[in-house]
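Here the structure is laid out as C-alpha cells; the discussion comes afterwards.
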Amino acid sequence: MIGPARTDAAFLADRQTQHWAEIMTRASVVAPLNIDDLLSSENALAQHDPGIVIFPHDAFYQKPQVENALRRPSIAVLLPDQNERLPAEDVQVLATRYAALAIEKECDIVVLTYQHNAGFERFGFRVERIAGATRQEQEHCLEHLRAFWGFEVVI
Amino acid sequence: MIFCETGGHDTTAFDNLVVFVSQLRGCGIPAVISAKSLPDDLRPSHQFDAAAFLSNVAMNSGDTLVLLDGHKIDVDGAAKLRELAKGAEINCLIYGNFETRQSEITASARVAYALNVQPKVIVPAGCDPLPPSNIAVFGAPLRQEKRVKPVVGLFAPDISTSDARAQLRTLAMSRAFDVEIITTGSAKKDWIEAEGHDIPAWHLGELLPRALAPRFDLVTMFGPPHVWLRTQMLLANLSLQGTPIIDTTPKQCWSSVCPDIVTGPSRVADLSAWLEKVILPKLSELRTATRESDLAKAFAIPEDLRELRPTVAKARKVSDQSSGPVLFMPTNGVGLGHAKRCSLIADAMRDQATSRFAAFPSCTGMLTASGFATMPLVSRSEHRAPHENDLVNFGRLSPLAKDSSAIVFDGGYVFDSVMRAAADQALPSIWIRRGLWQAGQNNQVALDRQKTFSRIVVPTEAFDELNGRRETAQNVHYVGPIVQESRQSASQTAKLRKKLAAKVGLTGKKLVVTMLGGGVAADRRAQINAICAHMETRSDVAHLLVVWPTATTDPGWFHYRNTRVVQSVHASVLIPIADLFISAIGYNSFHEAIYAHTPTIFVPQMAGFMDDQRARGLAAADRELALLIEPWEMLSLTKSIDDCLGDRGVQLRENLRKMNLPETGTKAAAGHILEYVA
Chain W
1 MIGPARTDAA FLADRQTQHW AEIMTRASVV APLNIDDLLS SENALAQHDP
51 GIVIFPHDAF YQKPQVENAL RRPSIAVLLP DQNERLPAED VQVLATRYAA
101 LAIEKECDIV VLTYQHNAGF ERFGFRVERI AGATRQEQEH CLEHLRAFWG
151 FEVVI
Chain U
156 MIFCETGGHD TTAFDNLVVF VSQLRGCGIP AVISAKSLPD DLRPSHQFDA
206 AAFLSNVAMN SGDTLVLLDG HKIDVDGAAK LRELAKGAEI NCLIYGNFET
256 RQSEITASAR VAYALNVQPK VIVPAGCDPL PPSNIAVFGA PLRQEKRVKP
306 VVGLFAPDIS TSDARAQLRT LAMSRAFDVE IITTGSAKKD WIEAEGHDIP
356 AWHLGELLPR ALAPRFDLVT MFGPPHVWLR TQMLLANLSL QGTPIIDTTP
406 KQCWSSVCPD IVTGPSRVAD LSAWLEKVIL PKLSELRTAT RESDLAKAFA
456 IPEDLRELRP TVAKARKVSD QSSGPVLFMP TNGVGLGHAK RCSLIADAMR
506 DQATSRFAAF PSCTGMLTAS GFATMPLVSR SEHRAPHEND LVNFGRLSPL
556 AKDSSAIVFD GGYVFDSVMR AAADQALPSI WIRRGLWQAG QNNQVALDRQ
606 KTFSRIVVPT EAFDELNGRR ETAQNVHYVG PIVQESRQSA SQTAKLRKKL
656 AAKVGLTGKK LVVTMLGGGV AADRRAQINA ICAHMETRSD VAHLLVVWPT
706 ATTDPGWFHY RNTRVVQSVH ASVLIPIADL FISAIGYNSF HEAIYAHTPT
756 IFVPQMAGFM DDQRARGLAA ADRELALLIE PWEMLSLTKS IDDCLGDRGV
806 QLRENLRKMN LPETGTKAAA GHILEYVA
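If you're matching them up, the sequences are chains W and U in order.
As numbered in our numbering, residues 1 to 155 make up the first sequence, in order.
As numbered in our numbering, residues 156 to 833 make up the second sequence, in order.
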C-alpha cells in the first residue's frame, strides 16, 4: 500500500500498483484469434455436446474471512455475460478503466464471469467463474466469492 | 433446526463442539453451528473441521439447541445465546459437569433467560474404560474400504528412543498387515524427523475422528485411556465399526476394566507374531464380536440425542456410492498438464464410468469441451491467507464427493480440501502422482499425505533415467506415459494445414508452432519476441504463437507479419502437424512432441515448485531427438530454429521415428481407477 501521502518513489516502489500498471501496458485492441472451431473436429478428446458447469446445491456456507494484513480493498466487476461473451473491443475499454481504478484508488479488481474466458484474462485480471444450473446455485457461488474476497463494492 | 453451541470459550471447547456435531451428523441428525459462534482466530485445521457444519440461518421457535460445557456458561455466554435466539423459544439440552446442584441451577437459569425455555440438563453416563466425560460419547461409523492387508493402528506408541523406533520399524515389516501410527502433533513431527515417511503417522487433529476411524482394521493401545473427546469419539467409532481394540499397556489399563478389549503383549517385539498367529486368523470373528460387544452398545447414541433425528425422515438417498461418477480434481500447477492428463484418463473410462471434474477456472473450458461436467474452484491469492481459497474449495468439493464413487487427484501438493473431501466420505481416493521432482525440492507435505490415498498411480516418463526408484508399496502402481497420441494421416494433416493457413492468413509453407508456457513460472516475453522477430526474416515460415485462452498476452506479439497469435483449448492438435515445435518441457507437451515425432526446440521453465523440466529436455537432447535451449541462449535459439527448419529437423524426425518408445499408460491408469467403480 502506498498510503495517504503518495509520491513518485512510493508509486514506483509499490508492487501492487505496478502490477496494475503492467496490466495497463497489456491493453490492446487486438486479441488472440480463437481457432477452436477449426481444431475441435481433429481432437479425439473433444465432444459434440460440451459438459456443463456445475455447482453443488449443498455447497457449504462460507463465513466471510476476517480482515488481515494481506488484504487490500477489492471491487468486483460482475459481467452480464450469461449468454455470450462481451465483444473484445468492449473488454479492452473496460480493462483499461478498471486498471486505472485499481491504480488510483489502491484497490484490487476481481472480474466475475459466466463464461470460460471473459476476455479480461489476457490483460492479467483475476477472473472468477460463476457456476450453477439454477439462479439459486449461481447466487450461492457468488456468496462463496464474496466471502473469500470481501468485496467492498460490486459493479 | 438443531443448533449446537458450547459454554466454553477456549480452543478445546470449540474443538469438542465440532467433533460432537460431526458425530451427530453421522447419526443422521442435521445439527449445525451458527457461523456467528465461529471464533475469528481459529487455526486453519479447525476451520476445515468446522466448515461442513456452519450455518447462517437464524434460530426460530421450536428449534433445538444442544449446549456443551454447560457448566462453563457465563453471563457473556448467555448474552451470546440470547442474541442468537432473538426472542424465539428454543428447546435446549445442556451437557455439563456440574459439581454442585447450585452450579446446575445457575447454568439452567442463564440458559432459560437466553432461550425463553427451561433447559434439560444431562449428565452423560460414563463408559468403561474411558475417563468420565461431560459430553456424550457415541459412535457414528463410516463404511470401511476393503483392503488387501489389514491396517493396524498403533495408538500413542513410545517413539522417544531409537530402540523403540527400531522395534516399530520391525513390526512394520510384517507381510501380513500394514501399520500406521496415531499420536500427537509433536510426536508425529518427531517421528517423521527421525524415521521419514515409510510408516505413515497421523496426529489426532489431522482428521475428524469419524474420518480417521475407517482407516484401521485393528488398533493397539500403548497409552492409558484419555479424556480428550477426539480420542473418545475415535474409540466409539472403532468399536461400532467392529475394529478390535487391543490393550498393549503393561498395566492392562484398558482390558482390566473392559472385557471387550483384548489383552495383547506389552512388548512391541512380541506383537507381530502374536497378531499373525492369534488375532489375524480370527479377525472376522473378532470384528463381529466387537460390533456386538457391550462396549459398542455403550457407544450407541444416547436416547436424548437420538430423539433429535427428524421425525419425517427426509428421503435420504440410499444409493450404492460405488455407482456414482468419478470425481477428478486436477490442480492447475503452472500449465494445464494435470487437467489434460486427467481428461485423457477420464476419456479412456468413458464407456464404463461417468466422470466429472472440479478444476480451476483456467481449465474449465478445456474440460467442458471434452464433455465433462466441471465445477470451478477458486485459485490462491497472494492477498489472502494460503488456506483461505482451499477452504472455499473444500466447501464445494466435499458435497460433490458425497455421491461420487471415487476421487482422483492429480497434482504435486495434496490440498486439505482433497484429503478431507475423500476422508470425510470414506471415499476411495487415487493420486495420479507424476514424478520427476527436482533434487532438493521440499516435498514433505506430499510424502506425508500420500498415506491418505487408497492407491497411487505414477505415470512414468518415456526415458528411464527420468523415472525415480520404484516404490514397492502395494498401493503404488506404475503406468506408461499418459499422452494424447495423434491419429492423423498425412492427407488429414495436409488438409488441416491448408484450412489453418486460410484461417490465419499466412502463406509460409513451413509451419512453426510456439507454446512456451503460461508465463506463471517464468516470463517468456523476451524469448517469444526473439522468436517472432527471427521469423520475420523467413518468408517461408508460417508461425503460430499459441497462447492458452486464459493466458496473458503482450500487444507487441500481434504486429509481426508472419506470426499469428492464436488460442485454442484443442492446441495439442497443432503439435503433430508442425514442421517445428518450440515448447516448454512440461510432461504433456514433452511427450506429445516425442510421440508425434515432431522436431522440437525445448526451452525449460524452472521454478522451485515445479518438476524438473531441464532433465526432461536433456534426456531428449542426449538422444538427438530434440534440442534443448536455455532461456538465456537467445542467439542459439534463433540459430537452432534455422537448423531445425533445414536438415537438422529432418534428422530429428528420423531419429524420433526410429526410437522405441514405451507403450502409453492411459488405459492402464483408467483401469486402476475403474477397479473402485461398480
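Beta carbons: idealized from backbone N, C-alpha and C, even for Gly.
List, in order along the chain, the chain U residues whose C-beta lies closer than 8 angstroms to that of residue i?
{"i": "Val127 of chain W", "result": "Pro516, Thr705"}
{"i": "Glu42 of chain W", "result": "Gln643, Gln647, Leu651, His725, Val728"}
{"i": "Leu112 of chain W", "result": "The premise fails here: Leu112 of chain W is roughly 11 angstroms from chain U at the closest Cβ pair, so nothing lies under 8 angstroms."}
{"i": "Leu33 of chain W", "result": "Lys658, Val659, Arg719, Val720, Val721, Gln722"}
Do you know how far the Cα of residue j is from the Cα of residue i?
{"i": "Thr669 of chain U", "j": "Phe757 of chain U", "result": "10 angstroms"}
{"i": "His507 of chain U", "j": "Ile587 of chain U", "result": "For the record, residue 507 of chain U in the displayed sequence is Gln; it is not His. Between Gln507 of chain U and Ile587 of chain U, the C-alpha separation is close to 19 angstroms."}
{"i": "Asp449 of chain U", "j": "Trp409 of chain U", "result": "14 angstroms"}
{"i": "Ala470 of chain U", "j": "Ala428 of chain U", "result": "Note that Ala470 of chain U has pLDDT 48, beneath the 50 cutoff, so the model's placement of it is unreliable and no number is given."}
{"i": "Ile828 of chain U", "j": "Met214 of chain U", "result": "44 angstroms"}
{"i": "Thr338 of chain U", "j": "Pro312 of chain U", "result": "8 angstroms"}
{"i": "Val473 of chain U", "j": "Asp558 of chain U", "result": "Caution applies to Val473 of chain U, whose pLDDT of 48 falls short of 50 and renders its modelled position unreliable; the model cannot decide the point."}
{"i": "Asp571 of chain U", "j": "Pro704 of chain U", "result": "29 angstroms"}
{"i": "Ala233 of chain U", "j": "Gln115 of chain W", "result": "48 angstroms"}
{"i": "Ile354 of chain U", "j": "Ala331 of chain U", "result": "15 angstroms"}
{"i": "Leu161 of chain W", "j": "Thr692 of chain U", "result": "In this structure chain W extends from 1 to 155, so residue 161 of chain W is not present and cannot be described."}
{"i": "Gly663 of chain U", "j": "Glu785 of chain U", "result": "27 angstroms"}
{"i": "Gln387 of chain U", "j": "Val292 of chain U", "result": "7 angstroms"}
{"i": "Pro364 of chain U", "j": "Arg385 of chain U", "result": "6 angstroms"}
{"i": "Ile161 of chain W", "j": "Ala295 of chain U", "result": "Residue 161 of chain W lies beyond the residue range present for chain W, which begins at 1 and ends at 155; the question has no answer from this structure."}
{"i": "Val481 of chain U", "j": "Thr509 of chain U", "result": "6 angstroms"}
Is the Cβ of residue i closer than 8 angstroms to any Cβ of chain A?
{"i": "Phe371 of chain U", "result": "In the displayed structure, chain A is absent; the protein chains listed are W and U."}
Can you check which of these residues, the options, is closest to residue i by C-alpha distance?
{"i": "Val334 of chain U", "options": "U:Ile740, U:Val278, U:Leu248, U:Glu431", "result": "U:Glu431"}
{"i": "Ile400 of chain U", "options": "U:Gly419, U:His714, U:Val631, U:Arg385", "result": "U:Gly419"}
{"i": "Leu209 of chain U", "options": "U:Asp218, U:Leu223, U:Ser216, U:Pro194", "result": "U:Pro194"}
{"i": "Val696 of chain U", "options": "U:Gly635, U:Tyr715, U:Asn810", "result": "U:Tyr715"}
{"i": "Val212 of chain U", "options": "W:Phe55, W:Gln62, W:Ala27, W:Pro56", "result": "W:Gln62"}
{"i": "Ala514 of chain U", "options": "U:Met530, U:Met504, U:Ile500", "result": "U:Met530"}
{"i": "Val306 of chain U", "options": "U:Met690, U:Thr615, U:Leu438", "result": "U:Leu438"}
{"i": "Arg442 of chain U", "options": "U:Phe377, U:Met484, U:Gln299", "result": "U:Gln299"}
{"i": "Val374 of chain U", "options": "U:Pro380, U:Val382, U:Leu393", "result": "U:Leu393"}
{"i": "Gly162 of chain U", "options": "U:Glu809, U:Asp218, U:Glu543, U:Ile228", "result": "U:Ile228"}
{"i": "Ala44 of chain W", "options": "U:Thr261, U:His352, U:Gly251, U:Ile500", "result": "U:Ile500"}
{"i": "Lys343 of chain U", "options": "U:Met574, U:Ala366, U:Ile314", "result": "U:Ile314"}
{"i": "Asp709 of chain U", "options": "W:Leu145, W:Val153, W:Arg122", "result": "W:Arg122"}
Identify the contact partners of residue i in chain U, using a Cβ-Cβ distance below 7 angstroms as the criterion.
{"i": "Asp36 of chain W", "result": "Ser723, Val724, His725"}
{"i": "Ala131 of chain W", "result": "Met530, Pro531"}
Below 7 angstroms on C-beta distance, what does residue i contact in chain W?
{"i": "Glu543 of chain U", "result": "Gln65, Phe148"}
{"i": "His538 of chain U", "result": "Leu70, Arg71, Arg72, Asp108"}
{"i": "Thr312 of chain U", "result": "With the sequence shown as reference, residue 312 of chain U is identified as Pro, and Thr is not the correct amino acid for it. Simply none; closest approach about 36 angstroms."}
{"i": "Lys654 of chain U", "result": "Leu38"}
{"i": "Phe102 of chain U", "result": "For residue 102 of chain U there is no data in the structure shown, the boundaries of chain U being 156 and 833."}
From the DSSP secondary-structure annotation, give me the bridge partner or partners of residue i.
{"i": "Phe483 of chain U", "result": "U:Phe512, U:Val563"}
{"i": "Gln722 of chain U", "result": "W:Asn34, U:Val702"}
{"i": "Ala528 of chain U", "result": "U:Arg511"}
{"i": "Lys275 of chain U", "result": "U:Leu248"}
{"i": "Tyr568 of chain U", "result": "Its beta-bridge partners do not exist; DSSP assigns none."}
{"i": "Met521 of chain U", "result": "Beta-bridge pairing links Met521 of chain U to no other residue."}
{"i": "Ala356 of chain U", "result": "U:Ile336"}
{"i": "Val417 of chain U", "result": "U:Ile401"}
I want to verify the contact list: residues of chain U whose CB lies under 9 angstroms from the CB of residue i, in sequence order.
{"i": "Asp58 of chain W", "result": "Pro554, Lys557"}
{"i": "Gln138 of chain W", "result": "Going along chain U, no residue has its Cβ under 9 angstroms from Gln138 of chain W, so there is no contact; the nearest lies around 12 angstroms."}
{"i": "Phe151 of chain W", "result": "The contacting residues do not exist; Phe151 of chain W stays about 12 angstroms from chain U at best."}
{"i": "Arg122 of chain W", "result": "Val702, Pro704, Thr705, Ala706, Thr707, Thr708, Gln722"}
Mind listing the chain W neighbours of residue i? Cutoff is C-beta to C-beta under 8 angstroms, in chain order.
{"i": "Asn211 of chain U", "result": "Tyr61, Lys63"}
{"i": "Ala190 of chain U", "result": "Tyr61, Lys63"}
{"i": "Thr523 of chain U", "result": "Pro50, Gly51, Ile52, Val53, His116"}
List, in order along the chain, the chain W residues whose C-beta lies closer than 9 angstroms to that of residue i?
{"i": "Gly526 of chain U", "result": "Leu45, Ala46, Gln47, His48, Asp49, Pro50, Gly51"}
Listed in chain order, which residues of the segment 84-108 of chain W have Cβ atoms closer than 7 angstroms to some Cβ of chain U?
Residues Asp108.
Return the residues of the segment 43-54 of chain W that lie within a Cβ-Cβ distance of less than 9 angstroms from chain U, sorted by chain order.
Cβ contacts with chain U come from Asn43, Ala44, Leu45, Ala46, Gln47, His48, Asp49, Pro50, Gly51, Ile52, Val53, Ile54.
What are the residues in the segment 174-205 of chain U lying within 7 angstroms of chain W by C-beta distance?
For the segment 174-205 of chain U, which is checked against every Cβ of chain W, the residues closer than 7 angstroms are Ala190, Leu193, Asp195.
Between the segment 488-510 of chain U and chain W, which residues of the former have CB atoms less than 8 angstroms from a CB of the latter, in chain order?
Look at the segment 488-510 of chain U: the residues with a C-beta under 8 angstroms from a C-beta of chain W are Ser498, Leu499, Asp502.
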